[in-house]
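A.B. asks: Pasting a structure here, questions to come.
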Amino acid sequence: MPLLLGTETEYGIAAPGRPDLDAHALSSLVVEACGVPATPVVEDSRHRMLGNGGRFYVDHGHPEYCTPETTSPTDALVWELAGDRIVAEAAAAVSNALGTPVRVFRNNTDGKGQTYGYHENYLLRRSTDWALVEEALPTLLVTRVLLAGAGRVGIGPASDRPGFQLSQRADFFEQVSGLDTTQRRGIVNTRDEPHALPRDWRRLHVIAGDATRSPFATWLKLGVLGLCLAVLEARALPPVRLADPVAAFRTVSRDLTLSEPLALAGGGTGSALHVQRLLLDAAAAYAERTAFPEADALLAAWGAVLDDLATSGPTGVADRLDWAAKLTLLEGYRARGGLGWDHPKLAQVDLAWAELGERGLAERLQAAGRLRPGPAPGPVEAAMVTPPTDTRAHTRGTWVREHVDHVVAAGWDSLLVRGSAGALHPLRMPDPFRHTAAGAEPGASADRLARSHDRRDP
């Protein structure tokens, strides 16, 4: 299966010094502030498409950044980190304009009963058995919390019980599958908007994951699920299934021992670690016979995390995984101050972990060498203003970056551009693997590019 993936991040936002500005107003200011030379944008009535091929807009009162389409876990990570930088710099610009700090958080709940999303998108072949996806995916996502949980202070949607859990989102899911992303959320989201040729492709919209700050955790989270989906399409996943995925989601999230038995369909029990081992073995067997981007590195990292969790618990992976790093940090505060889990200081630390910028604890731990750093700054800085070269995002981003005055409208699978003589050219891009940098003509005029796309349209 060719890998195509991208993510969407809704950010928490606050300006304590301007209580007159609600979240929607603040978010609008931040999105508007993205229109600086370093991050060229084009705006229509719904959203802004960026020169890096991504999207930046306001969604349900939050600034949201969507990465462009990418073809590897590392590229997905790089363009996701670029989005964090774009949002942080826009917030800093608004802070300067208002004369008061605008704080932006990469998390998934306000601790008062509200949650906001981090969504992953994976392209599946239309021929993939959707019944198998609905059957197998809950087990993948629930047990993936061991790798991909962001960690959270508080139990229950409104954090009305003291404690710590691995996942920020687990308390907000009420059914195994469903269409809605804001009410009665399903672990498997059934939305079918491929933004590609619908006869060939389906977009798997994953809403059950957390927004992680650790670059390693983000890379592993995306890569492991992408690899497991390839194994699923090959019908090579192990037959292990959770009997009650919704209950298991909460159990795994709240189990700091990592050993709680989960009821399995057909009888018997197994821990999340046990299930992850079975998935790892199946993925390794698949990768021996089928190429997958970065498979060797993913399998090695996945196996090492499971080994370290089994032998050393959270402290063994505190340099890599958000929930473990956060828990280790919080336990230090608790030990030094004799604090219970209901102490407000711990909730403040939880929030500080998620904050973008120099104030953020995740950045500070990376700088101190206690959290594995991400890619070098160069590729991330480049990804703020340039698109991937191997998907249609190249064409979208190039038009926005180099010929923005000619762009009338821009979407994921089409552009509408105006030639110098005023003629409109619809550029259709239903195949996400076409319209790449291969064969492109660097420095070509807008008219020449439009004519070339007219000839290449399917």
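Under the numbering used here, the residues of the sequence shown are numbered -17 to 440, in order.
Idealized CB from N, CA, C, for every residue including glycine.
Just so it is clear, the structure is predicted and the values come from calculations on it, not from any experiment.
1. If distances are taken between C-alpha atoms only, which option among 205, 368, 227 comes closest to residue 244?
2. Grab me the residues of residue -11's own chain with a C-beta within less than 6 Å of its C-beta, minus the 5 sequence neighbours each way, in chain order.
3. Roughly how many angstroms lie between the CA atoms of residue -2 and residue 5, to the nearest whole one?
4. Relative to the alpha-carbon of residue 264, which residue among 289, 317, 210 has its alpha-carbon at the smallest distance?
5. Does residue 284 come out as helix, strand or coil in the three-state DSSP assignment?
6. Apart from the five residues just before and just after residue 411, which ones in its own chain have a Cβ nearer than 7 Å to its Cβ?
7. If you run the structure through DSSP and keep just helix, strand and coil, what is residue -9?
8. Check whether the Cβ atoms of residue 153 and residue -6 sit closer than 8 Å, and answer yes or no.
9. I'd like the span of the alpha helix (DSSP H) that includes residue 256, first residue to last.
10. Are the Cβ atoms of residue 443 and residue 356 separated by less than 8 Å?
11. Kindly identify the DSSP beta-bridge partner or partners of residue 103.
12. Can you give the Cα-Cα distance for residue 15 and residue 76, rounded to whole angstroms?
13. Flag this pair as touching only if the segment 281 to 300 and the segment 215 to 234 have three or more C-beta atom pairs under 8 Å; answer yes or no.
14. For residue -4 versus residue 89, is the C-beta distance shorter than 8 Å?
15. Quick one: Cα of residue 114 to Cα of residue 162, how far?
16. Which one of 290, 334, 401, 105 has the shortest CA to CA distance from residue 457?
17. Taking the C-alpha atoms as reference points, what is the distance between residue 347 and residue 196?
18. Might you give, ordered along the chain, the residues of its own chain that have their beta carbon closer than 7 Å to the beta carbon of residue 309, omitting 5 neighbours on each side?
19. Quick one: what's residue 90 bridged to in DSSP?
20. My output table needs one value for residue 44: the three-state DSSP class, helix, strand or coil.
21. Three or more C-beta pairs closer than 8 Å, one from the segment 108 to 127 and one from the segment 214 to 224: is that the case here?
22. Tell me which residue opens and which closes the beta strand (DSSP E) that residue 396 is part of.
23. Output yes or no for whether 8 Å exceeds the beta carbon distance between residue 121 and residue 207.
24. Distance, Cα to Cα, residue 110 vs residue 185?
25. On the premise that residue 124 lies in contact with residue 72, defined as a C-beta separation below 8 Å, what is that separation, rounded to the nearest angstrom?
26. What three-state label does DSSP hand residue 168 in the structure shown?
27. Going by the CB atoms, is the gap between residue -9 and residue 46 shorter than 8 Å?
28. In chain order, what are the residue ranges of uninterrupted alpha helix (DSSP H) at least 4 long that sit wholly in the segment 308 to 343?
29. Following the continuous alpha helix (DSSP H) through residue 124, name the residue where it begins and the one where it ends.
30. Applying the criterion that 16 or more other CB atoms from any shown protein chain within 10 Å of the CB defines a buried residue, is residue 294 buried or exposed?
31. Measuring only the C-alpha atoms, how far is residue 240 from residue 319?
32. Do you know offhand how far residue 40's Cα is from residue 270's?
33. Classify residue 359 as helix, strand or coil using the three-state DSSP reduction.
34. Go through its chain and collect everything with a Cβ distance to residue 43's Cβ below 7 Å, but skip five positions before and after it.
C.D. replies: According to the data block:
1. For residue 244, the closest of 205, 368, 227 by C-alpha to C-alpha distance is 227.
2. Within its own chain, the residues whose Cβ lies closer than 6 Å to the Cβ of residue -11, once the five positions on either side in sequence are excluded, are 49, 62, 102, listed in chain order.
3. 11 Å
4. 210
5. helix
6. Cβ neighbours of residue 411 beyond the five flanking positions: 374, 377, 395, 396, 417.
7. strand
8. no
9. 254 to 271
10. Lying outside -17 to 440, the shown extent of the chain, residue 443 is not represented and no answer is given.
11. As computed with DSSP, residue 103 is found in a beta bridge with -12, 187.
12. 7 Å
13. Not touching, per the Cβ criterion.
14. no
15. 20 Å
16. In the structure as shown, the chain starts at -17 and stops at 440, and residue 457 therefore has no counterpart that could be examined.
17. 10 Å
18. Sequence-distant partners of residue 309 (beyond 5 residues in either direction) whose C-beta falls short of 7 Å from its own C-beta, in its chain, are 133, 146, 296.
19. For residue 90, which the question treats as bridged, DSSP gives no partner whatsoever.
20. strand
21. yes
22. 396 to 400
23. no
24. So the alpha carbons of these two residues sit roughly 11 Å apart.
25. Contact doesn't hold; Cβ gap of about 35 Å is too wide.
26. strand
27. yes
28. List check, alpha helix (DSSP H) in window: 326 to 336.
29. 112 to 125
30. exposed
31. 26 Å
32. If I take the Cα positions, the gap works out to 43 Å.
33. The DSSP-derived three-state label of residue 359 is helix.
34. 5, 6, 9
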